[in-house]
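In my numbering, the protein residues as written are 1 to 141.
All C-beta atoms, glycine included, are put in the ideal place defined by N, C-alpha and C.
Working notes for the structure below.
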Amino acid sequence: MSKASKPIQSEEELLAQPESEYMSPRQLEFFKHRLLALEEELRANAGETTEHLRETSVVPDPADRATIEEEHALELRTRDRERKLIKKVQQALASIESGSYGYCEETGEPIGLKRLLARPTATLSVEAQQRREMRQRQFGD
């Protein structure tokens with residue numbers, strides 16, 4: 001296996017790549033593996049929630065019951081956020097396949113490796129995201 005086709009093993013190795021390698025097949029493979037691992041983790045969490053909610057027994061004390069119900073509500077909100085994140089992960093994987101991953105959907109500019117490491121589902125550059133957030137603050141959603 002030649003050095004060029006050897007998979008990227010770490011974030012440090014990824015960041016050490018020259019700019020000319022941005023979204024090369026090796027970098028795309030790195031992010032694809034990262035996204036697939038994230039999706040697997042999120043799906044496992046969803047399964048645990050389902051099991052946890054099934055295990056609940058009847059608790060006679062109203063205070064204990066209220067605590068359990070609040071914990072369930074929090075867990076369901078968390079899973080709802082994770083469900084939305086799974087959708088974003090799937091969209092990111094599709095963008096890898098289409099060749100658009102790593103580029104801002106508004107400007108077409110590179111999003112950047114550091115941003116993608118922090119948020120592998122990012123679709124906007126930092127500047128475009130800041131502009132969007134500013135518009136949302138000014139005009140509401």
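query: Three CB pairs or more closer than 8 Å across the region 108–123 and the region 79–98; result: yes
query: Which of helix, strand or coil DSSP assigns to residue 110; result: strand
query: The alpha helix (DSSP H) enclosing residue 69, as first and last residue numbers; result: 62–98
query: Spatial neighbours of residue 1 in its chain, beta-carbon cut-off 6 Å, leaving aside the 5 residues before and after; result: Low per-residue confidence applies at residue 1: pLDDT is 44, beneath 50, and the placement is therefore not dependable enough to give any value.
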